[in-house]
Amino acid sequence: MRAGDLVQVTRAASIQFSQPILFRVIRVLDWPTYDGWVWLDGYEVGPRLDAIARRSIFVRPAGLLPVAPVIPSRPRGR
Numbered sequence: 295m296r297a298g299d300l301v302q303v304t305r306a307a308s309i310q311f312s313q314p315i316l317f318r319v320i321r322v323l324d325w326p327t328y329d330g331w332v333w334l335d336g337y338e339v340g341p342r343l344d345a346i347a348r349r350s351i352f353v354r355p356a357g358l359l360p361v362a363p364v365i366p367s368r369p370r371g372r
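At position 69 of the sequence shown (counting the first as 1) the number is 363 in our numbering, and the numbers step up by one without a gap.
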């Protein structure tokens with residue numbers, strides 16, 4: 295997991311996410327935790343990939359679903 299990664303966080307990553315969210319990773323925090331779990335610092339993002347809230351979340355990386363990067367389409371010239 296690296297800065298800039300976009301992931302879908304679901305219940306598979308942590309029971310607190312019964313409603314899935316999209317999350318843009320800023321960094322993996324080096325806080326002490328249980329084996330197989332990490333703290334992530336980043337932004338919850340909306341459907342247009344705009345930041346909604348900055349958050350630190352406690353999740354199992356094995357339960358995160360990577361989201362393919364969205365390349366914005368360029369307007370066509372006349």
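Heads up, the beta-carbon is just placed ideally off N, CA and C, and yes, glycines get one too.
Indicate the three-state DSSP secondary structure (helix, strand or coil) for GLY357 in the structure shown. Taking the first residue of the sequence shown as position 1, residue 357 is located at position 63. Three-state result, GLY357: helix.
Just to confirm, is the Cβ distance from ARG318 to GLY336 under 8 Å? Within the sequence shown, numbered from 1, the residue matching residue 318 stands at position 24. Within the sequence shown, numbered from 1, the residue matching residue 336 stands at position 42. Going by C-beta atoms, ARG318 is nearer than 8 Å to GLY336.
Using CA coordinates, which residue listed in ARG296, VAL301 and MET295 is at the minimum distance from LEU343? Working through the sequence shown from its first residue, we reach residue 343 at position 49. Of the candidates ARG296, VAL301 and MET295, the one whose C-alpha sits nearest the C-alpha of LEU343 is VAL301.
Is it right to say ALA356 is buried, meaning 16 or more other beta carbons lie within 10 angstroms of its own, or is it exposed? Your numbering for residue 356 matches position 62 in the sequence shown. It is exposed - the Cβ of ALA356 has fewer than 16 other Cβ atoms within 10 Å.
Give the straight-line distance between the Cα atoms of THR327 and SER350, rounded to the nearest whole angstrom. Here residue 327 refers to the residue found at position 33 of the sequence shown. Here residue 350 refers to the residue found at position 56 of the sequence shown. Going from the Cα of THR327 to the Cα of SER350 covers about 13 Å.
Please tell me whether LEU323 and TRP333 are closer than 8 Å, where the distance is taken between their beta carbons. The residue labelled residue 323 in the question sits at position 29 within the sequence shown. The residue labelled residue 333 in the question sits at position 39 within the sequence shown. Yes. Within cutoff.
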